[in-house]
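What follows is a short report on a single structure.
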Amino acid sequence: MATAEEIAKAAERRDIRDRWLLSAPALLIIFLAATGPLLIVLVYSFLTPGSYGDVKWQFSPEAWIAVFLERDIFDDTLSVAAAHVTIFLRSIKLSVVTTIATLALGFPTAYFMATRSEKTRDLWLFLITIPFWTNLLIRTFAVLQIIRNEGIINTVLLKLGIISAPIQILYTDTAILIGMAYVYLPLMVLPIYASMEKLDFRLVEAGYDLYATRFKVLRKIIFPLVKPGVIAGSILVFIPALGAYVTPSVLGGGKNMMLSNLIELQFGQGRNWPLGSALSIAVMIIVMVALLAYVRNAGKSGVRHG
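If you count by our numbering, then the sequence shown holds residues 45 to 350, one letter each, in order.
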């Protein structure tokens, strides 16, 4: 006869098998809907571009070489692809600056919300989430109406006599920055607020009782305790900002391209699917590096505060 231990192990194996069988449909859907397309893009990045926007099933590393390099049409010598490097640097720069701008605006906003009464907090949280009710394209066009030459900002400044001619904001990096900061600001506020809401403000009062300045209390007490929320918010802003398409297209006017616009150009007018695929994977690698940095920092913070 089987012992009680053997019966328990057999039951555990059946339980594990049943769990896998129940999870199989969901895992299959995830693989087909997410991993499958990514594998196709990865395979395409190592193929030869077709004449009409498709691919030829011939292995070629040229797409990956063309991400940062370009061949001379006469002697096939390689040189730095200045246009691609410029677009990569612009995208990373604008994403980083957008993250910093949303942090500068979102941190005090989250602190203000967390220090209100519970009923008022709910109202402010409701107001912060309202922009998510509106389509991204509509929000971007709203920003366009504000910053264009005949928009609200220039009209007010002209009426007040501060400027004599409209300031050219639209179709510049500044316009893209303003648009992305507005669009992604709630993604920074909400994680910081979630951390700030759990903050024991008696620690802040203790800091003041020990004659610490406001800046020192912020730097030594508040910021370290809400750091996980800051890191999470920064990642939530940086990743979509790096892959932003609508905002740069509308506010940049096609003159200030970002990575997403370059990728779309390769799949569209450029008819170079392998290069578009290689650029897409390159963006994913940058995002993965950012996520790994977040996990590493979050893990260290958890160990310190554990």
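Yeah, the Cβ is synthetic: ideal placement off N, Cα and C, and Gly gets one too.
Got a sec, what are the start and stop residues for the beta strand (DSSP E) residue i sits in?
i: residue 208; result: Element bounds for residue 208: n/a, residue is neither H nor E.
i: residue 113; result: 113-115
Candidates the options: which alpha carbon is nearest residue i's?
i: residue 273; options: 252, 319, 311 and 339; result: 339
i: residue 231; options: 288, 172, 200 and 242; result: 172
i: residue 278; options: 302, 77, 116 and 337; result: 337
i: residue 285; options: 145, 81, 179 and 174; result: 145
i: residue 238; options: 181, 154, 69 and 321; result: 154
i: residue 213; options: 228, 252, 200 and 188; result: 188
i: residue 224; options: 137, 312, 317 and 164; result: 137
For my contact list, residue i and residue j are in at a C-beta cut-off of 8 Å; report their separation, rounded to the angstrom.
i: residue 141; j: residue 221; result: 6 Å
i: residue 131; j: residue 303; result: 6 Å
i: residue 243; j: residue 158; result: 7 Å
i: residue 113; j: residue 125; result: 6 Å
Please say whether residue j and residue i have beta carbons closer to each other than 8 Å?
i: residue 300; j: residue 166; result: no
i: residue 315; j: residue 88; result: no
i: residue 233; j: residue 150; result: yes
i: residue 110; j: residue 319; result: yes
i: residue 184; j: residue 281; result: no
i: residue 265; j: residue 251; result: yes
i: residue 307; j: residue 323; result: yes
i: residue 283; j: residue 331; result: yes
i: residue 85; j: residue 329; result: no
i: residue 104; j: residue 90; result: yes
For the alpha helix (DSSP H) containing residue i, list its first residue and its last residue.
i: residue 362; result: As shown, the chain starts at 45 and ends at 350. That puts residue 362 outside it, with no answer to give.
i: residue 122; result: That residue, residue 122, is in no alpha helix (DSSP H); its beta strand (DSSP E) goes 122-124.
i: residue 240; result: 217-241
i: residue 293; result: 290-296
i: residue 286; result: 267-286
i: residue 64; result: 48-74
Can you pull the DSSP bridge partners for residue i?
i: residue 92; result: 100
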